[in-house]
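Engineer:
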Amino acid sequence: MIRKTAGLASAWSLLGIVLLAGGAPCHAQIDIHMHTVTGPMESHIGALTGKSSEGKPLYRRFCIGCHGPSGDGAGENAMWFDPTMGFEKPRDFTLGVFKCRSTPTGTLPTDDDLFDAMTRGFVTTNMPQWQPLIGQDRANLVAFIKTFSARWQTDKAGTPIAIPTETPATIESILHGRELFQKMECWKCHGPEGRGDGPSAATLTDSKGNPIRPYDFTTGLRFKCGVSNHDLYRIFMTGLDGTPMPSFADNIKPEEGWDLVHFLRTLQISLKTSERATFEKWESSHTGQLKPIGPEQAPGT
Amino acid sequence: MKKKYICVLAAAVVLVGCKIIVSAAPPAGSGNIEGKVTYTGTPPKMKPIDMSKEPTCAKEHNPPETVQTVVTGPGNALEYVVVYISAGEPASPTPSQPVRFDQKGCMYTPHVLPMQVDQPLQIFTDDPFAHNIHPLPKLNPEWNKSQPAGAPPIDTKWSKPEFIPVKCNIHPWMHGYFAVLKTSYYSVTDNNGSFSLKGLPPGKYTVTAWQEQYNFQSQDVTISGNETKTANFVFKVTPYLY
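Chains as they are written, first to last, in my numbering: chain A, 1005 to 1305; chain B, 80 to 321.
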């Protein structure tokens, strides 16, 4: 019995050698050693279940060039992304820190958050939209991305924040949002007119020490984490982890978040938003009534 | 005479400081480890901080504060070095008493705040404008919260031992460290480079000193009963930060 098994094994290995010797030159493939830190992972997006084993070849094909074989954002293309020119470096998946989340600051994003970010791409960066990949492929990639950081084994994804029903974009809401923009000192980075030119703008760095720009609202460009009012609301309350943008969840009331959203829409001057129209109409009949946004003037100066 | 007085005063400050730190967990023994942290070489010159972007703070610090990456004291002393028991430590229960981190005049006080794993940490602001508190851990989760003028303290804690840099993105010169340690036996050197670990039961310990620029140094110390052992650390410094 033992002899038979041994004979079988040697026959198989002989076959293997023949295959290797004969087949290798035709199927030559650069073997990139991919370094992952967890075992197999899964993702759950709606009815889809993603598997990291299925995501691995997709990652090798579509993502490795920028995000690298270890997922640390040091792929061979990364050296050409110059943060001083406004091009962010590829995400380092080994940190388990992500910008676009529905979950509170300091927590892991949900699978849906990662799926949406991949689908949407990141405007003003080199990360394209991956909508051309079918949903199952994107779900598999989400599962594979999670194998790069041990945080996915030790921590659970955060609980998505509650978003109250949007309040009407009245002039009261816009003006209160403007007060918050002053009080929360959004202007220190984003500038008094939302042009991304506040006094602290030039010194901002991301968590890896690379220069990063605050968003310029006047360009009317898509927002990195989605274009809807809901997406904007989420950014205030969750912050963009890994960047200088903090969470305001502890400092503004849930309904006040909507006032801030409505005010920010008035800064998008190139888009001619309805909020901008409401604000301009009010301003034309209340000339000189608003204090300019910016540093408080000390009395007597 | 005057020098002697200062020494006595400094020793008193160290004693009082340590008493506060150790009071969270009752001392398990009566052995002590004391010593000084010094440097050899030429330390880098710390630049004055330009706070002109926040005029209130610029006015408050005259002459301006300097960067705190390498702070030296008399007799080649190194300040803000965390000295702690890194091996052989008796089990320390998690203190329920919170440690306090302050933001005042665009500076962090203290520059280096030691605490135990899972010990409550409270972050206060006294400033009449907003800060954002942005710790940059590698092992613990990174977060970033805004704290406007008059906001209540942020209550948090860290669940893994790590030396965590913390910064404010609005005022980029604000830079400090949370030293999250497994042990309750720790001390941060004062301007004389002195530290003191008190109330140790007999045993063989590894004492480690950590400085944010010059990393770690360790040595073994054996405590047998009611005695005070000396452990000094010397860091080699260069005139350049890297």
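C-beta: ideal position from N, C-alpha, C; glycine also.
These numbers were taken from a predicted model, which means no experiment stands behind them.
May I ask which residues mark the beginning and end of the alpha helix (DSSP H) holding A288 (chain B)?
Structural biologist: On the second sequence, position 209 is the one that residue 288 (chain B) refers to. No alpha helix (DSSP H) contains A288 (chain B), which is instead part of the beta strand (DSSP E) from 282-290.
Engineer: Less than 8 Å between the beta carbons of N305 (chain B) and G114 (chain B), yes or no?
Structural biologist: Residue 305 (chain B) sits at position 226 when you count from the first residue of the second sequence. Residue 114 (chain B) sits at position 35 when you count from the first residue of the second sequence. Cβ distance not < 8 Å, so N305 (chain B) and G114 (chain B) don't count as in contact.
Engineer: Using the C-alpha atoms, what's the distance from E1287 (chain A) back to T1174 (chain A)?
Structural biologist: Start at 1 with the first residue of the first sequence, and residue 1174 (chain A) comes out as number 170. Start at 1 with the first residue of the first sequence, and residue 1287 (chain A) comes out as number 283. C-alpha separation (whole angstroms): 13 Å.
Engineer: Quick one, are the C-beta atoms of V150 (chain B) and E158 (chain B) less than 8 Å apart?
Structural biologist: Sequence index remark: in the second sequence, residue 150 (chain B) carries index 71 (1-based). Sequence index remark: in the second sequence, residue 158 (chain B) carries index 79 (1-based). Closer than 8 Å, so yes.
Engineer: Mind listing, in chain order, the continuous beta strand (DSSP E) runs of no fewer than 3 residues lying wholly within the stretch 163-219 of chain B?
Structural biologist: Within the stretch 163-219 of chain B, the complete beta strand (DSSP E) segments of 3 residues or longer fall at 178-183, 186-188, 191-195, 200-204, 210-214, listed in chain order.
Engineer: Check whether chain B comes within 8 Å of V955 (chain A), counting only Cβ atoms and requiring the distance to be less than that.
Structural biologist: Since the first and last residues shown for chain A are 1005 and 1305, residue 955 (chain A) lies out of range.
Engineer: Would G1298 (chain A) count as contacting chain B if we go by Cβ distances under 8 Å?
Structural biologist: Taking the first residue of the first sequence as 1, we reach residue 1298 (chain A) at position 294. G1298 (chain A) does not count as touching chain B.
Engineer: If I follow the unbroken beta strand (DSSP E) through T309 (chain B), where does it start and stop?
Structural biologist: As a first step, residue 309 (chain B) must be located in the second sequence, where it is residue number 230. Secondary structure note for T309 (chain B): its beta strand (DSSP E) is the uninterrupted segment 307-309.
Engineer: Please go through the same chain and pick out, in chain order, the residues whose beta-carbon is closer than 6 Å to the beta-carbon of I1041 (chain A), but skip the five residues on each side of it.
Structural biologist: Position 37 of the first sequence, counted from the first residue, corresponds to residue 1041 (chain A). The sequence shown places Val at residue 1041 (chain A), rather than the Ile named in the question. Around V1041 (chain A): A1154.
Engineer: Can you list, in chain order, the residues of its chain whose CB lies under 6 Å from that of Q1135 (chain A), leaving out five sequence neighbours each side?
Structural biologist: Within the first sequence, residue 1135 (chain A) is the residue found at index 131, counting from 1. Closer than 6 Å at Cβ, skipping near neighbours: T1123.
Engineer: May I have the straight-line CA-CA distance separating K124 (chain B) from Y319 (chain B), to the nearest angstrom?
Structural biologist: Working through the second sequence from its first residue, we reach residue 124 (chain B) at position 45. Working through the second sequence from its first residue, we reach residue 319 (chain B) at position 240. For K124 (chain B) and Y319 (chain B), the distance between alpha carbons rounds to 8 Å.
Engineer: Shortest alpha-carbon distance to S175 (chain B) belongs to which of B:L200, B:P281, B:P169?
Structural biologist: The sequence position of residue 175 (chain B) within the second sequence is 96, counting from 1. The option with the nearest alpha carbon to S175 (chain B) is B:L200.
Engineer: Decide if the stretch 1052-1062 of chain A is in contact with the stretch 1164-1173 of chain A; the criterion is three or more beta carbon pairs, one per stretch, under 8 Å apart.
Structural biologist: Contact between the stretch 1052-1062 of chain A and the stretch 1164-1173 of chain A is absent, because fewer than three Cβ pairs lie under 8 Å.
Engineer: Just how far apart, CA to CA, sit Y284 (chain B) and S297 (chain B)?
Structural biologist: Position 205 of the second sequence holds residue 284 (chain B). Position 218 of the second sequence holds residue 297 (chain B). About 10 Å.
Engineer: Output the distance between the C-alpha atoms of L1225 (chain A) and I233 (chain B), rounded to the nearest integer angstrom.
Structural biologist: As a working mapping, residue 1225 (chain A) is identified with position 221 in the first sequence. As a working mapping, residue 233 (chain B) is identified with position 154 in the second sequence. A straight line joining the alpha-carbon of L1225 (chain A) with that of I233 (chain B) spans about 34 Å.
Engineer: Does chain A have any CB closer than 8 Å to the CB of E139 (chain B)?
Structural biologist: As a position in the second sequence, residue 139 (chain B) is number 60, starting the count at 1. No, E139 (chain B) does not count as interfacial toward chain A.
Engineer: At 8 Å on the CB atoms, spell out the chain B contacts of D1245 (chain A), in chain order.
Structural biologist: On the first sequence, residue 1245 (chain A) is found 241 positions in, with the first residue counted as 1. Here the neighbours are E221, W222, N223.
Engineer: Against chain A, which members of the stretch 199-219 of chain B pass a CB distance test of less than 8 Å?
Structural biologist: F208, A209, N211, I212, H213, L215, K217
Engineer: Suppose you measure from the CA of A1281 (chain A) to the CA of T1270 (chain A); what does that come to, to the nearest Å?
Structural biologist: Working through the first sequence from its first residue, we reach residue 1281 (chain A) at position 277. Working through the first sequence from its first residue, we reach residue 1270 (chain A) at position 266. Those two C-alpha atoms are separated by around 8 Å.
Engineer: Who are D234 (chain B)'s beta bridge partners in DSSP?
Structural biologist: Within the second sequence, numbered from 1, the residue matching residue 234 (chain B) stands at position 155. B:Q201.
Engineer: Against F1252 (chain A), what residues of chain B qualify as contacts under a CB-to-CB distance less than 7 Å, listed in chain order?
Structural biologist: Here residue 1252 (chain A) is taken as the residue at index 248 of the first sequence, counted from 1. Simply S225.
Engineer: Applying the 10 Å Cβ sphere with the 16-neighbour rule, what's the burial state of L1264 (chain A)?
Structural biologist: The count along the first sequence starts at 1 and reaches residue 1264 (chain A) at position 260. Buried: at least 16 other Cβ atoms inside 10 Å.
Engineer: With a 10 Å radius around its C-beta and 16 neighbouring C-beta atoms as the bar for buried, classify W1084 (chain A) as buried or exposed.
Structural biologist: Within the first sequence, numbered from 1, the residue matching residue 1084 (chain A) stands at position 80. W1084 (chain A) should be labelled exposed.
Engineer: Just curious, the alpha helix (DSSP H) that S1288 (chain A) is in, first and last residue?
Structural biologist: Working through the first sequence from its first residue, we reach residue 1288 (chain A) at position 284. 1278-1288 is the span of the alpha helix (DSSP H), which, as asked, contains S1288 (chain A).
Engineer: Using a Cβ-Cβ cutoff of less than 6 Å, which residues in the same chain neighbour R1095 (chain A) once the five nearest sequence positions on both sides are dropped?
Structural biologist: As a position in the first sequence, residue 1095 (chain A) is number 91, starting the count at 1. Once the five neighbours on either side are set aside, the close Cβ partners of R1095 (chain A) are G1077.
Engineer: Tell whether a beta-carbon distance below 8 Å holds between Q287 (chain B) and S165 (chain B).
Structural biologist: One-based indexing of the second sequence puts residue 287 (chain B) at position 208. One-based indexing of the second sequence puts residue 165 (chain B) at position 86. The identity of residue 287 (chain B) in the sequence shown is Thr, whereas the question assumes Gln. Yes.
Engineer: For Y293 (chain B), which residues of its own chain have a beta-carbon under 6 Å away from its beta-carbon, when the five flanking residues on both sides are left out?
Structural biologist: Sequence index remark: in the second sequence, residue 293 (chain B) carries index 214 (1-based). Cβ neighbours of Y293 (chain B) within its own chain (closer than 6 Å, five residues either side excluded): F314.
Engineer: Would you mind sorting K311 (chain B) into buried or exposed? The rule is 16 or more other CB atoms within 10 Å of its CB.
Structural biologist: Indexing the second sequence from 1 puts residue 311 (chain B) at position 232. It is worth fixing the name first, because residue 311 (chain B) is Asn in this sequence and not Lys. So N311 (chain B) ends up on the exposed side.
Engineer: Roughly how many angstroms lie between the CA atoms of N155 (chain B) and T235 (chain B), to the nearest whole one?
Structural biologist: To locate residue 155 (chain B), count along the second sequence from 1; it is residue 76. To locate residue 235 (chain B), count along the second sequence from 1; it is residue 156. Straight-line Cα distance between these residues: approximately 36 Å.
Engineer: Comparing C-alpha positions only, which one of B:P281, B:P177, B:T268 sits nearest to Y163 (chain B)?
Structural biologist: Working through the second sequence from its first residue, we reach residue 163 (chain B) at position 84. Y163 (chain B) has its Cα closest to that of B:T268, out of B:P281, B:P177, B:T268.
Engineer: Can you find the residues in the same chain that come closer than 7 Å, C-beta to C-beta, to H1048 (chain A), ignoring five residues on each side of it along the sequence?
Structural biologist: In the first sequence, residue 1048 (chain A) corresponds to position 44, counting from 1. For H1048 (chain A), where only same-chain residues beyond five positions count, the Cβ hits under 7 Å are D1115.
Engineer: Please list, in chain order, all residues of the same chain as A103 (chain B) whose beta carbon is under 6 Å from its beta carbon, the five residues on each side excluded.
Structural biologist: Looking up residue 103 (chain B) in the second sequence gives position 24. Low confidence applies to A103 (chain B): its pLDDT is 46, below 50, so where it sits in the model is not reliable, and the reading given next is rough at best. Result list for A103 (chain B): P174, Q176, in chain order.
Engineer: Would you mind stating whether K1228 (chain A) and P227 (chain B) have Cβ atoms separated by less than 8 Å?
Structural biologist: As a first step, residue 1228 (chain A) must be located in the first sequence, where it is residue number 224. As a first step, residue 227 (chain B) must be located in the second sequence, where it is residue number 148. No. Outside cutoff.
Engineer: Between the alpha carbons of F1249 (chain A) and K1055 (chain A), how many angstroms are there, rounded?
Structural biologist: Residue mapping note: residue 1249 (chain A) aligns to position 245 of the first sequence, counting from 1. Residue mapping note: residue 1055 (chain A) aligns to position 51 of the first sequence, counting from 1. According to the sequence shown, residue 1249 (chain A) is Met rather than Phe. Distance between the alpha carbons of M1249 (chain A) and K1055 (chain A): 32 Å.
Engineer: Just to confirm, is the Cβ distance from S1251 (chain A) to P1108 (chain A) under 8 Å?
Structural biologist: Sequence index remark: in the first sequence, residue 1251 (chain A) carries index 247 (1-based). Sequence index remark: in the first sequence, residue 1108 (chain A) carries index 104 (1-based). Yes, these two residues count as a Cβ contact at 8 Å.
Engineer: Do I1297 (chain A) and T1247 (chain A) come within 8 Å of each other at the CB atom, strictly closer than that value?
Structural biologist: Counted from its first residue, the first sequence places residue 1247 (chain A) at position 243. Counted from its first residue, the first sequence places residue 1297 (chain A) at position 293. It is not a contact, given that the beta carbons lie outside the stated cut-off.
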